[in-house]
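Take a look at the structure below.
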Amino acid sequence: MAKLLRSFFFKSLFFFWYRFLFRQFKNLIRFYRTISNSFSGATQFKHTKFSTLFHRSDLNEQTLVFDVENALLKSSSLFPYFMLVAFEAGGLLRAIVLVLLYPFVCVVGKEMGLKIMVMTCFFGIKASSFRVGRSVLPKFLLEDVGTEMFEMLKKGGKQVGVSRLPRVMVESFLREYLEIDLVVSRELKTFCGYYLGLMEMENIKTTHALDLLKEGKGCSDMIGITTLNNTRNHQFFSHCKDVLVVSEADKRSWQKLERERYPRHLIFHDGRLALRPTPMDSIAIFMWLPYGIILSVLRIFLAFSLPFTISTPLLTMTGLRLTTSASTEQNVAHKNNLYVCNHRTLLDPLYISFSLQKNITALTYSLSKMSELLSPIKTVRLMRNRNEDAKMMKHLLGQGDLVVCPEGTTCREPYLLRFSPLFSEMCDEIVPVAVDTHVSMFHGTTAGGLKCLDPFFFLMNPSPIYTVKLLQHVFPSHFSHTTTTHVDQDSSKFQVANQVQSHIGTALGFNCTKLTRKDKYLMLAGNEGTVSSHGRAARCNS
19 MAKLLRSFFF KSLFFFWYRF LFRQFKNLIR FYRTISNSFS GATQFKHTKF
69 STLFHRSDLN EQTLVFDVEN ALLKSSSLFP YFMLVAFEAG GLLRAIVLVL
119 LYPFVCVVGK EMGLKIMVMT CFFGIKASSF RVGRSVLPKF LLEDVGTEMF
169 EMLKKGGKQV GVSRLPRVMV ESFLREYLEI DLVVSRELKT FCGYYLGLME
219 MENIKTTHAL DLLKEGKGCS DMIGITTLNN TRNHQFFSHC KDVLVVSEAD
269 KRSWQKLERE RYPRHLIFHD GRLALRPTPM DSIAIFMWLP YGIILSVLRI
319 FLAFSLPFTI STPLLTMTGL RLTTSASTEQ NVAHKNNLYV CNHRTLLDPL
369 YISFSLQKNI TALTYSLSKM SELLSPIKTV RLMRNRNEDA KMMKHLLGQG
419 DLVVCPEGTT CREPYLLRFS PLFSEMCDEI VPVAVDTHVS MFHGTTAGGL
469 KCLDPFFFLM NPSPIYTVKL LQHVFPSHFS HTTTTHVDQD SSKFQVANQV
519 QSHIGTALGF NCTKLTRKDK YLMLAGNEGT VSSHGRAARC NS
């Protein structure tokens, strides 16, 4: 009896798994045939090479549907962008977890690996405060765009970007900087205003995008551009009339899109990481971090406790690089000089002081208590009240040399923001100073992070470089000797400020703009730099 029961049990178990697996196998075959038939029936095309698109003259009548990761960007790796999200929005611990999970991400396949990275980077992040997709990612994405693909997209009547990444990561990059008409990507699920780390299904967004195209917001004839392995992975390409295949060899031959060819100027961006965080570079960052913290504290101690003649060679031995040059017509006989410089980091006045080998007073618009305490030179905070600030500047200038950054905030890219004309009223002789920096690992500025850590991050770089150029003096009296009315005097102040800005821009090879501190913070942090506010994004007026 026991043998019969055992035999019956194993036979039942066998037939159960046989039916279950056979049914799943039949469903898989049926699904594959359905997809294949619908794909081939809807597209009616043969896979053709991307190079054939260059010879077509009817692209302005077509809608170009392109795969962002596999066709627009030279690198197909998504890890650097998720690393930026993890580090900038989630913190150091979340970034370390992502690096540790990366080998597992590579093993489980693209779709599951993508879900793991999304969960790791976004779970628990507040949706309303997430600005990495607009303030950090566009710079790194633009630096990876292939010129050949970008030029081809510009010839199309409409452009539709299809991405596997969450919408909050790519929409600003595609719509604001590349001026793409439509973005097809997945939304992130939220609960009580926080991301759950889960993405919506692709079918919903694809159907909505197709409805928009049918309503006249796109052309009827669509040409898909993707890789061979991805033609069946996204159903949006199944509705294309033709599909052109981009190979890895094509992408390797592409040139990176130059900054001058960006449809919109990249003037402002945020984030601490200065290098593209590939897996190996991310590991290098974490290995360097303990040494960088010790090195930063050592450099601050040397600059704070020792005189210039002793601290300068010691700081050079730690890896700091300072290059100083002066105009051949520099007049150093003036007792109290007003130095006017562009603003790259909070350390600008300090490096000017080291270049001159003397103590000067620094006027700043915003300075944390930590930076103020650690500064080896005297710092005075402006009140943003024109009359009070003017009296303070005149008083300080009567006591000694003074340095001021009239931009009011830092700018990382090769652009100069509008100069406040307040300094032009202070004295009869102004010394323009052109300042530039280069870092290899961390940025020493932030709009949305802790400003008290700015000097530490800059000094954590292995070998940061500072360039200080003392330019020819500017004499405000040359602009005001013909003024007769109050309106003319106000005009001369702006002329002086613009002249100083122009001198510095020419010396550095930077472009001059009319953008202000308010424009920067509205774009990067969603406020005006002091209070919470909402407004328009900055635009280049140069």
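Quick note: to get my numbering, add 18 to the position in the sequence shown (first position is 1). Note that the Cβ used here is the ideal one computed from N, Cα and C, for glycine as well.
>> Which same chain residues end up closer than 7 Å to cysteine 445 when comparing Cβ atoms and leaving out the 5 residues on each side of it in sequence?
In response: Within its own chain, the residues whose Cβ lies closer than 7 Å to the Cβ of cysteine 445, once the five positions on either side in sequence are excluded, are Leu356 and Leu415, listed in chain order.
>> Can you find the residues in the same chain that come closer than 6 Å, C-beta to C-beta, to phenylalanine 168, ignoring five residues on each side of it along the sequence?
In response: Excluding sequence neighbours, phenylalanine 168 sits near Leu275.
> Does the beta-carbon distance from alanine 543 to glycine 462 come in below 7 Å?
Replying inline: Contact flag unset, no.
> Does the segment 483-491 come close enough to the segment 402-413 that 3 or more CB-CB pairs lie under 8 Å?
Replying inline: Remark: fewer than three beta-carbon pairs, one from each stretch, lie closer than 8 Å, so the segment 402-413 and the segment 483-491 are not flagged as touching.
>> What would DSSP say about leucine 149, mapped onto helix, strand or coil?
In response: Checking the displayed sequence, the identity of residue 149 turns out to be arginine instead of leucine. Coil.
> Can the beta-carbon of phenylalanine 97 be found closer than 7 Å to that of proline 297?
Replying inline: Result yes, Cβ atoms of phenylalanine 97 and proline 297 sit closer than 7 Å.
>> By alpha-carbon positions, which one of Pro281, Gly418, Gly151 and Leu434 ends up nearest to proline 424?
In response: Cα-wise, what sits closest to proline 424 is Leu434.
> Considering only residues of the segment 253-297, which uninterrupted beta strand (DSSP E) runs meet the minimum length of 3 residues and lie entirely inside it, listed in chain order?
Replying inline: List check, beta strand (DSSP E) in window: 260-263.
> Which two residues bound the contiguous beta strand (DSSP E) that contains alanine 344?
Replying inline: Segment 339-344, the beta strand (DSSP E) holding alanine 344.
> So proline 561 packs on methionine 137, CB below 8 Å; how close in whole Å?
Replying inline: Here the chain has residues from 19 to 560 only, and residue 561 is not among them.
> Comparing the CB of threonine 327 with every heavy atom of the ligand MG, is any distance shorter than 6 Å?
Replying inline: No copy of the ligand MG occurs in the structure displayed, which carries no ligand at all.
>> Are the CB atoms of histidine 361 and proline 450 within a distance shorter than 7 Å?
In response: Contact flag unset, no.
>> Here's the rule: buried if 16 or more other CB atoms are within 10 angstroms of the residue's CB, otherwise exposed. What is alanine 267?
In response: Exposed, because fewer than 16 other Cβ atoms sit within 10 Å of the Cβ of alanine 267.
>> In the DSSP output, which residue or residues are listed as bridge partners for proline 308?
In response: Its beta-bridge partners do not exist; DSSP assigns none.
>> For asparagine 529, list the residues DSSP reports as bridge partners.
In response: Answer by DSSP bridge pairing, in chain order: Tyr433.
> Do the segment 279-290 and the segment 108-117 make contact, defined as three or more Cβ pairs closer than 8 Å?
Replying inline: Flag = no, the segment 279-290 and the segment 108-117 do not touch.
> If you drop the 5 nearest sequence neighbours on each side, which residues of the same chain put their C-beta closer than 6 Å to that of glutamate 189?
Replying inline: Result list for glutamate 189: Val201, in chain order.
> Cβ atoms of serine 389 and proline 482: under 7 Å apart, would you say?
Replying inline: Contact: no.
>> For a test of the three-state rule: what should DSSP assign to tyrosine 484, helix, strand or coil?
In response: Strand at tyrosine 484.
> If we ignore side chains and look at the alpha-carbon of each, how far apart do arginine 18 and phenylalanine 209 end up?
Replying inline: Nothing about residue 18 can be read from this structure; the chain reaches only from 19 to 560.
> Does the beta-carbon of glycine 553 have 16 or more other beta-carbons within 10 angstroms, so that it is buried, or is it exposed?
Replying inline: At glycine 553, the pLDDT of 38 sits below 50, so the modelled position is not reliable and the matter cannot be decided from this model.
>> Which complete alpha helix (DSSP H) runs does the segment 157-203 hold, if anything under 4 residues is left out?
In response: Listed in chain order, the complete alpha helix (DSSP H) runs (minimum 4 residues) inside the segment 157-203 are 165-172 and 185-190.
> Going along the chain, which unbroken runs of the beta strand (DSSP E) with 3 or more residues stay wholly within the segment 71-132?
Replying inline: Taking only runs of at least 3 residues, the beta strand (DSSP E) segments lying wholly in the segment 71-132 are 81-85.
> Taking C-alpha atoms, which residue in Leu90, Tyr99, Asn545 and Thr341 lies nearest to lysine 172?
Replying inline: Per the C-alpha coordinates, the member of Leu90, Tyr99, Asn545 and Thr341 positioned closest to lysine 172 is Leu90.
> Just the Cα atoms here: how many angstroms apart are isoleucine 318 and leucine 192?
Replying inline: Going by the C-alpha atoms only, they are around 41 Å apart.
> Can you tell me whether isoleucine 301 is buried or exposed, with buried defined as 16 or more other CB within 10 angstroms of its CB?
Replying inline: Exposed, because fewer than 16 other Cβ atoms sit within 10 Å of the Cβ of isoleucine 301.
>> I'd like the list of long-range same chain contacts for threonine 336, defined as Cβ closer than 8 Å, with 5 residues on each side in sequence excluded.
In response: Excluding sequence neighbours, threonine 336 sits near Leu313, Leu316, Arg317 and Leu320.
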